[in-house]
Amino acid sequence: MTSDYHRRLPYGERRSAEPLVGHPFFPFEGDVQVVPLDEPVLPEPTRGGEGGEDCWSCSEPDKDAIWRDAQWKLKARKPSGLPFVATLEPRDHYRLDNLPPELTATLGPTIQRVAKAIQDLDPVARTHFNRWGDGSEHFHLWFLARPLGMMQLRGAMIAIWDDLLPAIPAEEFTANARRVAAALAEHGGEALAG
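In the numbering used here, the protein residues as written are 7 to 200.
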């Protein structure tokens, strides 16, 4: 079952990268080729934890967690190219579309707290946050710290830059995680990175 939108797409064709090449935030130059667009996969494959079954976040709820309160937990997974990258997840298994109203009401203030805690790290200018929900059904938001003065890292390509830049040292990652957890715990919840 496909829609008019799907029928208009140029499957199997190689599209031009010209709209992106030369853009100030695009991290590549030169002969960049766009892979041909694949046909849709319908029905879509299940995501990790679909229906609450075999959810990695639920099976190991405190793995990589650095802070939590009664409703949310913040996880910092591993050192990467940015000063800090983390995910915010509800403690219970929900999708974005079925978050209970009382949990939804705390999402905005929690986003603000996490963003500020990350932005207060020394090398950080801004905290970007995004939702990509294709890998896991358990709702999660990504937080990515843009380093001070690194203007090329603005915008949607920051996640690609995170993969391209050399990983920060493990001790710096741990110190940043501790600072973020402590800042969050000052206003509620408990720091787990200590």
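Don't be surprised by glycine CBs; every beta carbon is placed ideally from N, CA and C.
Taking the Cα positions, ALA121 is about 34 Å away from VAL38. A Cβ-Cβ contact shorter than 9 Å links GLY58 with HIS99. In the structure shown, the three-state DSSP call for SER142 is strand. A Cβ-Cβ separation of about 17 Å leaves ARG137 out of contact with ARG152 under the 8 Å criterion.
Using a C-beta cut-off of 8 Å, the stretch 43-61 makes contact with the stretch 10-27, since at least three inter-stretch Cβ pairs fall below that distance. Restricting attention to ALA111, PHE90 and ALA173, the CA atom closest to the CA of PHE149 is found in PHE90.
With fewer than three CB-CB distances shorter than 8 Å, the stretch 93-109 does not count as touching the stretch 168-182. GLY195 is a Cβ neighbour of ASP75, given a cutoff of 9 Å.
Non-local beta-carbon contacts of ALA187 in its own chain, meaning distances under 6 Å to residues more than five positions away in sequence, involve ILE72, TRP73, ALA197 and ALA199 in chain order. When the Cα atoms are used, PRO115 and LEU190 turn out to be separated by approximately 12 Å.
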